[in-house]
Amino acid sequence: MMLSVTGVHTFYGHIEALKGVDLEVGAGEVVTLIGANGAGKTTLLMTVCGNPQAAQGRIVFDGEDITRLSTYEIVRRGIAHAPEGRRIFPRMSVIENLQLGATIGQPEDFADDLERVFLLFPILKERREQRGGTLSGGEQQMLAIARALMSRPRLLLLDEPSLGLAPMVVKHIFGVLRRINREAGTTVFLVEQNAFHALRLADRGYVMVNGAIAMTGTGRELMADPEIRRAYLEGGRRDRA
Amino acid sequence: MEYFIQQLINGMTLGAIYGLIAIGYTMVYGIIGMINFAHGEVYMIGAFIALIAFILLAKLGLATIPLVLLLVLLVSMGLTAVYGWTVERIAYRPLRGSFRLAPLISAIGMSIALQNYVQVLQGARVKPLQPVIAGGFKLIESSAFTVTLSYLQIVIVVLTLALMAGFSLLIARTPLGRAQRACEQDRVMAALVGVDVDRTISLTFVMGAALAAVAGVMVTLYYGVIDFFIGFLAGIKAFTAAVLGGIGSLPGAMLGGLLIGLVETFWSAYFTIEYKDVAAFAILVLVLIFRPTGLLGRPEVEKV
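Note that the protein sequences, when read in sequence, are chains V and Y.
If you count by my numbering, then the first sequence holds residues 13 to 253, one letter each, in order.
If you count by my numbering, then the second sequence holds residues 109 to 412, one letter each, in order.
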């Protein structure tokens with residue numbers, strides 16, 4: 013397994029946000045985690061990145077226990093995160109944001125990697141000198157993913173890349189995620205509220221309720237499950253219009 | 109007119125020194141949002157290291173002035189940087205994530221501790237230094253007043269400008285500068301792209317201390333006397349300069365330093381020398397009331 017999370021508990025102050033999460037992501041897979049607002053999805057991704065650290069349990073990446081490592085050490089082992097709210101550096105240009113994304117990369121790879129992400133998101137090339145804070149929401153999301161890709165991650169974490177974006181943009185972004193997975197072999201772990209797109213893309217999925225995994229299955233199985241349909245898909249379908 | 113030009117020269121010299129110290133305040137504020145009240149003491153320690161180095165080199169019989177100056181600068185910058193690094197490591201880093209006032213209180217404690225440390229080691233009396241760089245140009249000679257520009261003033265202003273230019277480039281162009289700006293804008297995300305945030309903060313203290321050391325070297329040369337208490341006044345004036353320019357802004361700190369130096373000098377020249385500090389701090393009050401973001405600062409509301 014590329015990533016395995018075992019019995020992880022995470023606290024924010026006294027609030028237990030994760031109550032014993034078990035989950036696995038295999039090499040080359042696209043795995044999605046769906047669930048309602050406040051279920052703990054974002055917390056799980058951030059716990060994988062070591063901020064906050066898990067109070068209990070183990071997180072193993074590529075055979076190595078990373079539970080107690082600090083964020084930058086985890087990232088240097090090949091995990092990249094396009095986090096909740098995108099967190100573009102607002103007073104830096106698109107290029108500088110991408111340069112920061114390449115912090116852990118080799119300087120001689122930078123030009124190639126830049127070309128590669130500009131191919132995936134041509135709009136970023138046009139906006140290259142523009143400040144991150146002045147981009148539209150969709151452009152910021154593309155930049156967040158591009159920035160994550162600049163480090164050539166083996167595992168790409170994404171936190172709600174579709175949030176607040178127009179359906180066309182969502183479609184484009186999910187298309188890119190598929191390409192990254194199929195062509196570059198990057199493993200993708202995707203947190204989404206937009207269960208429809210996420211489950212269609214994913215090989216497997218997990219459903220999170222109240223800080224624990226409530227259900228798991230292949231994307232197809234979860235999509236067919238009546239309870240999932242009622243709770244997460246009936247709303248999500250509106251996207252197709 | 110001659111008198112005015114002379115004050116302009118003196119004010120710019122003083123302003124250069126304040127500006128160098130102010131950079132340390134503004135960078136630390138930018139990256140961790142605290143005022144490092146021990147920064148004035150770090151500058152004072154830089155001055156003492158410079159004094160000791162000048163005396164030692166003179167004892168060794170080294171008389172080539174540019175070489176002496178270069179060696180003293182390097183030694184003072186290096187050792188003062190170690191102090192800056194240590195202060196952050198023992199007094200601020202353990203308090204990261206604590207409530208907002210904690211590092212501030214720790215900084216004031218550190219400031220008092222460093223003052224007393226130097227007082228105990230070096231004594232409370234004023235330490236003199238023989239002039240190292242003497243002489244200058246007579247720019248305008250008239251019957252009433254002679255305008256002079258000393259070699260030392262040229263050295264101070266040129267060195268300051270060179271350092272500020274180099275430093276601005278470092279912040280704008282290098283990976284380290286980029287990492288510093290990233291930590292300033294979003295520390296969580298900086299860590300997520302692989303920046304070692306603790307190390308970047310440490311290096312910020314190291315750089316601020318090294319620049320303050322340069323100011324310490326210059327002040328030792330310029331006034332020829334130092335004591336363990338010089339860091340206090342120079343520190344809060346440089347802090348005023350940083351606030352005037354817009355705390356967090358690098359060009360602001362340079363501009364603010366220059367303005368405070370000019371205000372203080374002109375006030376001394378045309379009004380009363382006794383109240384020159386009042387003039388400088390009146391500016392702090394006025395800026396805080398009417399333009400809290402300073403001249404080049406950006407509004408606090410811009411938070412993503």
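Using N, Cα and C, we set each Cβ at its ideal position, and we do this for glycine too.
Measuring only between beta-carbons, confirm whether V:Gly113 sits less than 7 Å from chain Y.
-> yes
Identify the contact partners of Y:Met135 in chain V, using a Cβ-Cβ distance below 8 Å as the criterion.
-> In chain order: nothing, as chain V lies at least about 15 Å away.
Going straight from the alpha carbon of V:Leu213 to that of V:Val42, what length do you get?
-> 7 Å
Please name the residues in the segment 84 to 108 of chain V whose beta-carbon is closer than 7 Å to at least one beta-carbon of chain Y, in chain order.
-> Tyr84, Val87, Arg88, His93, Pro95, Arg99, Phe101, Pro102, Arg103, Met104 and Glu108
If V:Leu170 sits next to V:Leu131, beta carbons under 8 Å apart, how far is it from one beta carbon to the other, in whole angstroms?
-> Wrong, their Cβ atoms sit about 19 Å apart, outside the cutoff.
Using the rule of at least 16 other Cβ atoms within 10 Å of the residue's Cβ for burial, across every protein chain shown, is Y:Tyr383 buried or exposed?
-> exposed
Quick one, which of V:Gln205, V:Glu233, V:Arg232 and V:His209 has its alpha-carbon nearest V:Met220's?
-> V:Gln205
Minimum Cβ-Cβ distance from Y:Val412 to chain V less than 7 Å | Residue placement at Y:Val412 is flagged as unreliable, the pLDDT there being 41, under the threshold of 50; the coordinate-derived value follows with that caveat. By this cut-off, Y:Val412 is an interface position.
V:Leu170 bridges to which residues according to DSSP?
-> V:Ala94 and V:Leu202
Quick one: grab the DSSP three-state call for V:Met118.
-> The displayed chain sequence assigns Gln, not Met, to residue 118 of chain V. In this structure, V:Gln118 counts as coil in the three-state DSSP scheme.
Would you check if the distance between the CB atom of Y:Val136 and the CB atom of Y:Gly316 is smaller than 7 Å?
-> yes
If you count every other CB in all the chains shown that lies within 10 Å of the CB of Y:Leu178, and 16 or more means buried, which is it?
-> exposed
Residues bridged to V:Arg216 [DSSP beta-bridge criterion] = V:Val43 and V:Thr230
Residues bridged to Y:Gly244 by DSSP?
-> Y:Ser258
Chain V contacts from the segment 274 to 305 of chain Y (Cβ-Cβ distance under 8 Å) = Pro283, Arg286, Ala287, Arg289, Ala290, Gln293, Asp294, Val296, Met297, Ala298, Ala299, Leu300, Val301, Gly302, Val303, Asp304 and Val305
From the beta carbon of V:Ile240, is the nearest beta carbon of chain Y less than 7 Å away?
-> no
Go ahead and label Y:Ile163 buried or exposed: buried means 16 or more other beta carbons lie within 10 angstroms of its beta carbon, across all protein chains shown.
-> exposed
Sequence-distant residues of its chain with Cβ nearer than 6 Å to V:Gln68 (five each side left out) = His21
Taking 7 Å as the CB-CB limit, is V:Ile225 close to chain Y?
-> no
Beta carbon of V:Gly231 nearer than 7 Å to that of V:Leu245 | no
Between the Cα of Y:Leu319 and those of Y:Thr121, Y:Gly186, Y:Leu352 and Y:Thr172, spot the shortest distance and give me the residue it belongs to.
-> Y:Gly186
Hey, how far is the Cα of Y:Ile334 from the Cα of Y:Thr172?
-> 23 Å
Under 7 Å (Cβ pairs) to chain Y, residues found in the segment 114 to 148 of chain V = Thr115, Ile116 and Gly145
Opening and closing residue of the beta strand (DSSP E) in which Y:Glu382 lies | First-last for Y:Glu382: undefined, no H or E at that position.
At a CB-CB cut-off below 9 Å, which residues of chain Y make contact with V:Ser163?
-> Val301 and Gly302
When DSSP labels each residue in this structure, what does V:Gln68 get in the three-state scheme?
-> strand
Rounded C-beta distance between V:Leu15 and V:Leu161? I'm assuming under 8 Å.
-> With 8 Å as the limit, V:Leu15 and V:Leu161 do not qualify as a contact, their Cβ atoms being about 18 Å apart.
Taking the beta strand (DSSP E) that Y:Ser184 falls in, what are its first and last residues?
-> Run containing Y:Ser184: none in the beta strand (DSSP E); it sits in the alpha helix (DSSP H), Ile173 to Val195.
Between the segment 226 to 237 of chain Y and the segment 350 to 364 of chain Y, are three or more C-beta pairs nearer than 8 Å?
-> no
Within 10 angstroms of its Cβ, does V:Pro173 collect 16 or more other Cβ (buried), or is it exposed?
-> buried
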